[in-house]
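So in the numbering used here, the last one in the sequence shown is 993, and the numbering has no gaps at all. What follows is a single structure, written as structure tokens, with notes after it.
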Amino acid sequence: MFVYVGAYTESPMGTAKGIEIFRFNPDDGSLTATASVPGISNPSYLALHRGKDMVYAGERFLYAANELREGFVTALERDPESGGLTLLNSQTSLGADPCYVCVDGSGRCVLTANYSSGTIAAFPINQDGSLQPASSMVQHEGSSLKAGRQSGPHAHMIAPSPVAGFILATDLGTDRVEIYTFDENDCTLKGHNSVEIEPGSGPRHFAFGKSGTTLYVINELSSTVSVLDWDGSEGNATLRQTTSTLPADFNGESTCAHIVVSPDGRFVYGSNRGHDSIAIFSVHETTGALTPIGHQLTGGKEPRNFAIDPSGNWLLAANQHSDTIVTFHCDQESGLLSETGVVTETPTPVCIVFSE
């Protein structure tokens with residue numbers, strides 16, 4: 638199994654060479670560096686193509702969001718034996734500072750969110766894994782309470798719903814989750830619906846519960862998680878619960894970054910930057926509601942991203958400002974994390990992706 642790490646390469650954001658590649662040891666959660674892929678500017682988010690059809694099977698391709706003022710999305714081909722990556726091509730992201738990239742459920746399109754310009758875009762995938770120019774682009778509109786961060790739209794994440802037909806995008810600047818219908822045949826987005834999150838929250842990333850009927854949105858500015866009921870047949874979301882990611886006695890400054898649902902769906906994890914921890918929640922079996930059960934300090938500064946391995950045994954936290962990835966053991970009965978002592982040094986890590 639390999640782990641791919643996205644990072645910042647451009648000063649003053651970071652000094653990484655490009656995408657870092659590690660072998661992952663499932664016995665102890667450790668990482669061994671195998672290669673760097675230089676020349677990929679600010680690959681701040683990565684996505685593996687996990688298609689199972691004959692054309693795309695075997696996780697052959699990896700896509701990177703190049704977070705630059707004149708942004709790009711880059712396609713790379715993956716060698717499943719060595720884990721190595723070969724550049725295929727890049728396309729303009731049709732926006733500034735793309736910060737998220739994913740592959741749609743059909744495996745035919747790549748989607749990206751451009752933070753600074755507040756735009757989202759879709760790109761058809763060729764059979765060789767390379768990208769065509771964008772086939773669809775949407776400009777978000779609006780603002781919200783916090784002038785310094787919410788004077789305009791800031792698209793932060795885009796991803797498909799569990800059932801085909803809808804694409805969701807969070808916008809930190811407008812405090813909304815935008816919902817789009819999606820035509821996978823020609824990779825086009827069309828506005829369908831939206832749901833408002835509490836003003837000033839700054840919705841950043843989201844994850845669906847295992848049943849596919851609950852949506853968890855982590856809010857960067859308010860350090861909260863919003864729980865929404867998701868109607869996949871109609872493409873509607875309804876806000877039901879909001880809960881803090883921080884301990885009740887914490888009085889410092891902190892912002893949220895990433896959210897992950899455990900493979901068995903029983904726990905939700907969210908990262909705090911400032912408190913520098915992973916917040917841990919149990920999931921109600923029937924309603925999907927969250928109950929806070931603990932926090933685990935990440936052993937570094939600014940845990941922007943983290944990932945749980947496919948077995949559910951290990952959580953890897955990327956501490957952006959400490960240049961480390963720290964491995965924790967996941968207790969699958971309690972959901973709690975424990976330190977392993979495994980620390981991997983790598984410059985400005987901001988995205989972790991496991992191959993399977």
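Backbone N, C-alpha and C define an ideal beta-carbon position, used for all residues, glycine too.
- By the Cβ neighbour-count rule, Asp901 is exposed, with fewer than 16 other Cβ atoms within 10 Å of its own.
- In the three-state scheme derived from DSSP, where H, G and I count as helix and E and B as strand, Gly978 is classed as strand.
- Between Ser678 and Met794, the alpha-carbon positions lie close to 20 Å from each other.
- Per DSSP, Gln769 is not a residue of any alpha helix (DSSP H), being assigned neither H nor E.
- With respect to Tyr641, Val897 sits apart: the two C-beta atoms are not nearer than 8 Å.
- Distance from the CA of Gly849 to the CA of Gly869, rounded to the nearest whole angstrom, comes to 8 Å.
- In this structure, DSSP gives Arg706 a state outside helix and strand, which the three-state scheme calls coil.
- Under the criterion of beta carbons closer than 8 Å, Asp808 and Pro790 qualify as touching, at roughly 5 Å.
- Between Ile762 and Thr749, the C-beta gap is not smaller than 8 Å, which leaves the two residues out of contact.
- Your pair Ala644 and Val987 checks out as a contact, with CB atoms roughly 6 Å apart and the cut at 8 Å.
- Between Gln933 and Ser914, the C-beta spacing is below 8 Å.
- In summary, Asn822 is exposed, with fewer than 16 beta-carbon neighbours lying within 10 Å of its beta-carbon over all protein chains present.
- Contact fails between the region 828-842 and the region 919-933, because fewer than three Cβ pairs, one in each stretch, are under 8 Å apart.
- Leaving aside the five residues that flank Ser975 on each side, the residues in its chain whose CB is nearer than 6 Å to its CB run, in chain order, His966.
- Taking every protein chain shown into account, the CB of Ile930 has fewer than 16 other CB atoms within 10 angstroms, so this residue is exposed.
- By alpha-carbon distance to Gly937, the top candidate from Ser781, Glu982, His895, Pro947 is Glu982.
- In this structure, Ser673 places its C-beta atom within 8 Å of the C-beta atom of Gly655.
- Assigned with DSSP and collapsed to three states, Gly907 falls in strand.
- Looking only at Met638, Asn662, Ser681, the smallest Cα-Cα distance to Pro984 is reached by Ser681.
- Within the DSSP secondary-structure output, Ile816 pairs in a beta bridge with Leu805, Asn830.
- Burial state of Val740 is buried, judged by a 10 Å Cβ sphere holding 16 or more other Cβ atoms.
- Nearest C-alpha to Glu993 among Gly688, Gly802, Ala653, Pro675: Gly688.
- Annotation: the continuous beta strand (DSSP E) that includes Gln728 extends over 722-729.
- DSSP places Gln787 in the helix class (H, G or I) of the three-state scheme.
- Under the 10 Å beta carbon count, Pro797 is surrounded by 16 or more other beta carbons and is classified as buried.
- Closest option to Gly708, judged by alpha-carbon separation, among Glu718, Cys736, Asn950: Cys736.
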